[in-house]
Amino acid sequence: MQIENQFGKIKTVSEAMEYVKDGMTLMIAGFGGVGSSCTLINEIIKKNVKDLTVISIDAGDPDVGPDHIIQNLQVKKLITSHIGATPTTGKLMNEGKLEVEFSPQGTLSERIRAGGVGLGGILTDVGVNTLVEEGKQKIEVGGTTYLLETPLRADVAILYAKKADAFGNLVYDKTARGLNPLMAMAAEVSIVDAEEIVPIGAIDPEDVITPGAFVDIIVHGGGKFKWGWQ
Amino acid sequence: MQIENQFGKIKTVSEAMEYVKDGMTLMIAGFGGVGSSCTLINEIIKKNVKDLTVISIDAGDPDVGPDHIIQNLQVKKLITSHIGATPTTGKLMNEGKLEVEFSPQGTLSERIRAGGVGLGGILTDVGVNTLVEEGKQKIEVGGTTYLLETPLRADVAILYAKKADAFGNLVYDKTARGLNPLMAMAAEVSIVDAEEIVPIGAIDPEDVITPGAFVDIIVHGGGKFKWGWQ
Amino acid sequence: MGMAVKEKMAKRAAEEINNGDIVNLGFGIPQKAIQYIPEGKTVFFHAENGVLGAGQSPEKGKEDENLVDAGCVPITAVPGASYFDSANSFAIVRSGKLDITIMGGLEVSEKGDLANWIVPGAIVPGMGGAMDLAKKTKKVIIIMTHTDKKGNPKIKKECSLPLTAPNCVSLIITDLAVISVEKKGLVLKEIFDTTTVEEVKEKTAADLIIEEPVKVISYE
Amino acid sequence: MGMAVKEKMAKRAAEEINNGDIVNLGFGIPQKAIQYIPEGKTVFFHAENGVLGAGQSPEKGKEDENLVDAGCVPITAVPGASYFDSANSFAIVRSGKLDITIMGGLEVSEKGDLANWIVPGAIVPGMGGAMDLAKKTKKVIIIMTHTDKKGNPKIKKECSLPLTAPNCVSLIITDLAVISVEKKGLVLKEIFDTTTVEEVKEKTAADLIIEEPVKVISYE
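Same order as they appear, the protein sequences are chains A, B, C and D. Start counting the first sequence at 1; every next residue gets the next number (my numbering). Start counting the second sequence at 1001; every next residue gets the next number (my numbering). Start counting the third sequence at 2001; every next residue gets the next number (my numbering). Start counting the fourth sequence at 3001; every next residue gets the next number (my numbering).
Have a look at this one:
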């Protein structure tokens, strides 16, 4: 079926890749690769852009996810909560070849959300009196001490969705939601790899998780990860 | 059909009303009455609890919503964004019989969300260099000045939902969503007036807007507002 | 008699809207703009209570009590619409994804400061979503009468009323003229065919930059 | 030979879970607790990647690549489950709606400080969700060996490793004993039938309050 592309958001993968450039800040959605776009990750490796700052909840898995971009030495800085599943990432960090900034996972989610919804930061007591508080402003509210955590934004976010319509309304699938709706909001250009692209009106307004306002580019990648358990 | 009440959350309206007490902070969900629980508002008027601090996005409409509780002189303080549709509320404010704290609507939503998700506050530049900044801490992040807006929580929240299962998973209806999911998170006791109560498993996990973790009491009120346009 | 002046202002405002734009309309005259969107343009109207893709009023008797705009008036939803909670609704606003907001005004200053939430002497209604919208929308268009009921200018060097947001207005559409707020100052772009440049200058309490020829708007 | 010690610790931890509880299980031994929930108790397992109501593993060949736990292992969803994004997932944690989290530990102090995110000398894996969970869950249960591989006590007056969260642990379940963290200090509640109170005291580098009789746990 031919989908009417009335907002010009539906593009080819190579058109979308024009937005991915050296030195940029890139959000890679997904959790251990679940909810990541296999096609766009592979294309970024193929394009071999360098000096990226990557924001992702983890480094993925040795088999899937952002780790492959890191292994390929395209990343200078990683902002994440966990790299334990990917030995290469930790090795590069210890060798001084990769800067890693750790945020507690809930804090990382809220920092990305804050960037996405236009807040200047959030206060949380998670991390108070731990290494996480280093270099952060402490603020007292109602007798409790909080850390001021700053918002995160990116030039480009890449994410997987189950379904997108031509306006960019998105539906995710089960636990492949994760950070995806937050990163869609937090990037100058959000690129969605949709398993299925449907015409305007084909998604019930109640089912929309990410309104099309937050989506700039829609591609159909079609790539599939090979999972560890397969 | 008899619904199995395996978590004891399904109660009668009068059982639910035992949680509503003099002097408490009460969140009333809805937007101009849409998404408010007609039954619970009427019961609060009937119970005539006093000295309430009410948090609601507006004072409702002269015909529906929180305004009736305010008219009945049960409220000492209202935290809201708009009272323009209800002459009584403004009159009581001007006579000094009601304290009103105004927050910009988006800020109010984020303050309630912050209370709900356990944050110590949020930074926003909405309201900077206006009356809204009075008495608030100003914080500089990345060269921009933000107001520190504090979280809001309540003892009890009352809200309408289209559907609830026995665990309290909630589905809303169109624009009757509003602040409801945020208030459900932000109260010690959240009381949901569900149009329909269904057994566990009857709601698709993708359709759940408020997970049952945030819902304490489920009633079926059955009351219906008479709308201005009717 | 031609088109009523309120309609003219709404029609002129509608001309600012592009295909695919995300637009929030204030109550009253701004809402009339919806009728002047040309065929073929798909515009997503945002209502801050929680819908993107607000459509026309339903037929009488077909109203849905749970589908209303921010004025609690029954609406419909267009294809491609979505519903969300209030936090996500203002996420669209605060993140700068809203292309245009059209709202009323009490005063606009030379620098584009807006005052529209406290009416002097009246009951304070609260700012609702106006501060968020004025501060964060890409293009803020104010529709208002050029002067108040007593004939005092509403476009001034400085606002005397409490601000809704500083330095936020892009375009002012009055019953007399269209004035754009630019870095160099207020630029008189267009006048309606019912007035003159002189009258507009006289009724404006701020400097107006006039780049001749000023376009004259004539609506049938 | 009786039940393996890892299973015993998981079974003992499972006894802390009540009907209707919302529970997050860390990787490894904590996850075994799921098998010891008695029939008739409905427990909602939270996986921080975005599901409340995580169920048992699917049959081989019936895995859904988009339905996994926080370790990216395929799971199922129980009736009453819900999916959400990461912000809402940690909303459940941060708001205090999580009744119990069971996780591993490297060190626990007398005051209930927890260190479990930096393994000395190893690559730093990152804290993942552990800080959020440890800080904000109503009841934090730590399952760990009583001593490290060299025989050094892991329950100490003060943690020497960087903290995950201060003052957060409620209950410690080791291969030897069950110790509750109370205001008055560490209370030895139970010992497994493979050890003695004396051995537990010897292998603990903090004061233990002993309220006789200490219950002895014997699992078949």
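Glycine is no exception: its CB is placed at the ideal position from the N, C-alpha and C atoms.
Per-residue burial, residue i [other beta carbons within 10 Å of its own, 16 or more giving buried]
i          : result
Gln1105(B) : buried
Ser2082(C) : buried
Tyr172(A)  : buried
Tyr3219(D) : exposed
Phe3151(D) : Checking the sequence, you will find Gly at residue 3151(D) rather than Phe. Exposed.
Ser2089(C) : buried
Pro3074(D) : buried
Pro1205(B) : buried
Pro181(A)  : buried
Val1990(C) : The structure shown does not extend to residue 1990(C), since chain C spans only 2001 to 2220, so no value can be given for it.
Met2103(C) : buried
Met2144(C) : buried
Helix, strand or coil at residue i [DSSP, three-state]
i          : result
Phe1225(B) : coil
Pro3038(D) : coil
Leu40(A)   : helix
His68(A)   : helix
Phe3044(D) : strand
Asp216(A)  : coil
Pro181(A)  : helix
Pro3213(D) : strand
Ser2218(C) : coil
Thr3164(D) : coil
Val1192(B) : strand
Gly134(A)  : The sequence as given places Glu at residue 134(A); Gly does not occur at that position. In this structure, Glu134(A) counts as coil in the three-state DSSP scheme.
Lys1011(B) : coil
Cβ of residue i within 7 Å of any chain A Cβ
i          : result
Val1141(B) : yes
Asp3021(D) : no
Gly3055(D) : no
Val3051(D) : yes
Ala2122(C) : no
Thr1124(B) : yes
Lys2097(C) : yes
Pro2079(C) : yes
Ser3086(D) : yes
Gly3026(D) : no
Any C-beta of chain C under 7 Å from that of residue i
i          : result
Asn1005(B) : no
Asp1173(B) : yes
Glu15(A)   : no
Asn169(A)  : yes
Range covered by the beta strand (DSSP E) that runs through residue i
i          : result
Val2093(C) : Element bounds for Val2093(C): not the beta strand (DSSP E) but the alpha helix (DSSP H), Ser2086 to Arg2094.
Leu52(A)   : Leu52 to Ile55
Asn3024(D) : Ile3022 to Leu3025
Ile1969(C) : The question about residue 1969(C) has no answer here: the residues shown for chain C are numbered 2001 through 2220.
Gly2053(C) : Val2051 to Gly2055
Ser2180(C) : Ala2177 to Glu2182
Leu123(A)  : Gly121 to Thr124
Val2078(C) : Thr2076 to Tyr2083
Start-to-end residues for the alpha helix (DSSP H) that takes in residue i
i          : result
Gly3104(D) : No alpha helix (DSSP H) contains Gly3104(D), which is instead part of the beta strand (DSSP E) from Ile3100 to Gly3104.
Val3197(D) : Val3197 to Glu3202
Chain B within 7 Å of residue i, Cβ atoms only
i          : result
Met2003(C) : no
Glu2065(C) : yes
Met146(A)  : Note that residue 146(A) corresponds to Tyr in the displayed sequence, not to Met. Closer than 7 Å to some Cβ of chain B, the Cβ of Tyr146(A) qualifies, so yes.
Arg3094(D) : yes
Ala2115(C) : no
Gly2112(C) : no
Cutoff 7 Å: residue i Cβ touching any chain D Cβ
i         : result
Phe214(A) : no
Pro151(A) : no
Please name the residues in the stretch 188-202 of chain A whose beta-carbon is closer than 7 Å to at least one beta-carbon of chain C, in chain order. Ile200 and Gly201
Going along the stretch 89-121 of chain A in order, which residues come within less than 9 Å of chain D, judged by CB to CB distance? Thr89, Gly90, Lys91, Met93, Asn94, Val100, Phe102, Ser103, Pro104, Gln105, Gly106, Thr107, Leu108, Ser109, Glu110, Ile112 and Arg113
According to a CB-to-CB cut-off of less than 8 Å, which residues of the stretch 3151-3165 of chain D neighbour chain A? Legend: CB atoms of the stretch 3151-3165 of chain D lying less than 8 Å from CB atoms of chain A belong to residues Pro3162, Leu3163, Thr3164 and Ala3165.
Within 9 Å of chain D by C-beta, residues of the stretch 1056-1076 of chain B in sequence order: none
Below 9 Å between beta carbons is the criterion; list the residues of the stretch 29-49 of chain A that meet it against any residue of chain D, in chain order. Here the close residues are Phe31, Gly32, Gly33, Val34 and Gly35.
With 8 Å as the C-beta to C-beta threshold (strictly closer), list the residues of the stretch 157-168 of chain A near chain C in chain order. Asp165, Ala166 and Phe167
What are the residues of the stretch 3184-3211 of chain D that lie near chain A, defined by any Cβ-Cβ distance shorter than 7 Å? Interface annotation for the stretch 3184-3211 of chain D against chain A: empty, criterion Cβ-Cβ distance under 7 Å.
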